[in-house]
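Using my numbering, the letters of the sequence shown map in sequence onto residues 992 to 1161.
All C-beta atoms in this analysis are idealised placements derived from N, C-alpha and C, irrespective of residue type, glycine included.
So the structure is just underneath, and the comments pick up after that.
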Amino acid sequence: MEKSLEPIVKDLQDKFGATFEEFRGEVHCFIKPEQIVEALTLVRDAHQFELLSAQTAMDYFPQVSPRFHVIYQLTSLAKNLSVQLRVPVSGDSPKVPTAANVYKSAVWRERELLDMFGIEFEGHPDPRRILMPEDAEGHPLRKDFPLGYEEPQFSFNFEEIDLRKPYAKE
992 MEKSLEPIVK DLQDKFGATF EEFRGEVHCF IKPEQIVEAL TLVRDAHQFE LLSAQTAMDY
1052 FPQVSPRFHV IYQLTSLAKN LSVQLRVPVS GDSPKVPTAA NVYKSAVWRE RELLDMFGIE
1112 FEGHPDPRRI LMPEDAEGHP LRKDFPLGYE EPQFSFNFEE IDLRKPYAKE
């Protein structure tokens, strides 16, 4: 682990009981869902991680507990450092407190995670779908989401596909 990240990881371990792993030079700290807002506030205020550069999720289906990891990629522009906080979340009722009060950019990213993965963010100021229509069913980035399939059309199978293709009616 990079020497400059050691005090940050130690601080997270001491205050929140965080565990960590290092993968390809990146440090991933695992935080409990109920502690994520405090942990984000700590790294922002005490360690100058002023940028939430990414917020996403991973689906580990068919594993149920934890099924998801909500991932916060934080960047310190002043120190030229990057650290990742991960929150393991159950697949039964995926909920995490919102980070919108700590990083304003989390408002949009959490809406995307709600839409694509079905992970709810408690206390979110605007929990509406952002990418999918309101009446859409399911969450497309979940591994158990049914995939649609349409065979690609080439010159050799044009007529076969053309017979099955649904065209708009005038």
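Distance CB(residue i)-CB(residue j) smaller than 8 Å
i	j	result
Ile1062	Val1087	no
Ala1097	Leu1043	yes
Lys1006	Leu1033	yes
Ser1067	Phe1040	yes
Leu1076	Ile1022	yes
Lys1134	Asp1050	yes
Own chain, CB closer than 8 Å to residue i, minus 5 neighbours either side, in chain order
i	result
Phe1136	Gly1129, His1130
Leu996	Val1018, Leu1072, Val1074
Opposing strand residues paired with residue i [DSSP bridges]
i	result
Glu1012	His1019
Arg976	This structure cannot speak to residue 976, because the chain is shown only from 992 to 1161.
Asp1077	Residue identity differs from the one stated: residue 1077 is Arg in this sequence, not Asp. Phe1021, Ile1062.
Glu1111	Lys1086
Met1049	His1060
Ser1067	Leu1072
CB-CB length for residue i against residue j, believed under 8 Å
i	j	result
Ala1048	His1060	6 Å
Gln1046	Arg1100	4 Å
Phe1014	Cys1020	Incorrect: roughly 12 Å between the Cβ atoms, too far for contact.
Inter-residue Cα distance where the pair is residue i and residue j
i	j	result
Arg1102	Leu1132	14 Å
Pro1053	Ser1081	12 Å
Gln1064	Ala1159	44 Å
Pro1079	Lys1156	43 Å
Glu1029	Asp1153	57 Å
His977	Ser1146	Since the first residue shown for the chain is 992 and the last is 1161, residue 977 is missing from the structure and cannot be characterised.
Asp1106	Pro1057	19 Å
Lys1070	Glu993	12 Å
Ala1009	Glu1025	12 Å
Lys1001	Pro1124	44 Å
Thr959	Phe1149	Coverage of the chain is limited to positions 992 through 1161, which leaves residue 959 absent and any answer about it impossible.
Same chain only: Cβ atoms within 6 Å of residue i, ignoring 5 sequence neighbours per side
i	result
Tyr1094	Leu1043
Gln1144	Ile1152
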